[in-house]
C-alpha cells in the first residue's frame, strides 16, 4: 500500500519536470535527445562554414549521396541556410516533445524520437541547408511518418498554419473551431492515403501538394465564414462545405493531374453565391488570402518556438504522462 499523500507528492514532482521545459531538456529525460539534435545540427553548420575537420556525430545515418554537403562561400546564401538548420532543430524538438507528451505511450514516444534521430534527422538538416527545403511551408516526410506511426493526428503547424484570432461571439468561435478540427482530421486522413500510395512513407512532393491544398481549403472556409457575414448561417455553410468537400479534395490533391485549386475555388463560390456574398479571391503563397481580408490565418508560420514561455502559450508544454505507460497502477 502506498500512502495517498506520498503518491500525490511524487506525481507532483514528476509533473513539474514535464512542465518545466528547461528541466526536461536540461537535466531530465529529454537531455540526450536535445544533445543529439544539437550535435548533428552543429556538424552541418560547421560544414557550411567550411570546417573541413568537423567530425560527424556517431550513431547517426548520414544523408545519401544525392544530398550535397559543401562550404557555402556566399554569405547571402550561407546565413539563410544556417538559420534554416537552426529552425529545423527547434521544430524537431517541438515534434519530439509532442510525441512524448501528447501520445498514449511515453516509452513509444521516446523510441520514435530515437528512431527518427538515428535514421532521418541528419538528412532533414542537410536538405534544409543545401536544398533550401523550407520547413515553415511543410515539415519533412520523416516527421510525418513517425507521427502517423504513433496513431497521432498530423498537426496543422506541420503545414505552417497558424490561426491568430477567433470570433468574439462564443458560439461562432465554437463553430469555427469545429470546422478547423474537421479540416485537420481530413488532412491527417489524406496524409495517411498519401503514405499508402507512396509505399509506406509519403514523398516530399506529394506532402507539399497536400499542405498547399490544406491551406487553400482553410482559406476558403474562413472566407465563407467571415465574408459570408460572420454569423450563424455563414459558419454553418462553412462547416457543411468542409464536411462535403475537404476529404475527397485533399485525397485527390495527392494526384498530379487533379486541379484541386480550381475545384476549391469553384465549389466555394457556389456557397458564396447562395449567401449572396463576394467570390473567393486567392493570392500566391504565403498570402493565400489577400492581406485586406486575412481572416485570421497565417501561412508560412515558423513553428520553431523560441523559449519555454512561448512554448507554453502555444500549447507545447503540457503536464504529460506522470508515470510510465506499462499499465500498472499503484495500490
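Numbering (our numbering), first residue to last: 500 to 830.
C-beta atoms are modelled at their ideal positions from N, C-alpha and C, and glycine is treated no differently.
Model, not experiment: these values are computed from the prediction.
Can you list, in chain order, the residues of its chain whose CB lies under 8 Å from that of residue 850, leaving out five sequence neighbours each side?
Only positions 500 to 830 of the chain appear in the structure, and residue 850 is not among them; the question remains open.
Same chain, Cβ closer than 7 Å to residue 798, five either side skipped, listed in chain order:
As a first step, residue 798 must be located in the chain shown, where it is residue number 299. Excluding positions up to five away in sequence, the list reads 659, 660, 714, 784, 785 and 787.
Please report the straight-line C-alpha distance between residue 837 and residue 678, rounded to a whole angstrom.
Look at the range of the chain in this structure, 500 to 830, and you will see that residue 837 is not part of it.
Neighbour-count burial assignment, residue 663, 16 or more Cβ in a 10 Å radius
To locate residue 663, count along the chain shown from 1; it is residue 164. Under this definition residue 663 is an exposed residue.
How should residue 740 be labelled, buried or exposed, when 16 other C-beta atoms within 10 angstroms of its C-beta is the threshold for buried?
Position 241 of the chain shown, counted from the start, is the residue given in the question as residue 740. Classification of residue 740: buried, given that the 10 Å Cβ count is 16 or more.
For residue 772 and residue 762, what's the separation of their Cα atoms in angstroms?
Along the chain shown, one-based indexing puts residue 772 at 273. Along the chain shown, one-based indexing puts residue 762 at 263. Looking at the two C-alpha atoms, the distance is approximately 15 Å.
Other residues of its chain near residue 533: CB distance less than 7 Å, five sequence neighbours each side excluded
Taking the chain shown and counting its residues from 1, one reaches residue 533 at position 34. So the qualifying residues of the chain are 524 and 592.
Where residue 569 falls, given that 16 or more other Cβ within 10 Å makes a residue buried:
Counting from one through the chain shown, the residue named residue 569 turns up at place 70. In this structure residue 569 is exposed. Its beta-carbon is surrounded by fewer than 16 other beta-carbon atoms within 10 angstroms.
Residue ranges of each alpha helix (DSSP H) within the stretch 696 to 728, 4 or longer:
703 to 726
In angstroms with no decimal places, state the Cα-to-Cα distance between residue 824 and residue 778.
Taking the chain shown and counting its residues from 1, the one referred to as residue 824 is at position 325. Taking the chain shown and counting its residues from 1, the one referred to as residue 778 is at position 279. In this predicted model, residue 824 has a pLDDT of only 45, less than 50, meaning its place in the structure is not dependable; the value taken from the coordinates is given anyway. Going by the C-alpha atoms only, they are around 51 Å apart.
Just to confirm before moving on: does the CB-CB distance between residue 641 and residue 623 stay below 8 Å?
Along the chain shown, read from residue 1 onward, the residue named residue 641 stands at position 142. Along the chain shown, read from residue 1 onward, the residue named residue 623 stands at position 124. In this structure, residue 641 sits near residue 623, with a CB-CB distance shorter than 8 Å.
How long is the line joining the alpha carbons of residue 746 and residue 545, rounded to whole angstroms?
In the chain shown, the residue the question calls residue 746 occupies position 247. In the chain shown, the residue the question calls residue 545 occupies position 46. Using only the alpha carbons, I get a separation of about 44 Å.
How would you label residue 673, buried or exposed, when you count the other beta carbons within 10 angstroms and need 16 or more for buried?
Here residue 673 is taken as the residue at index 174 of the chain shown, counted from 1. Exposed, by the Cβ-count rule.
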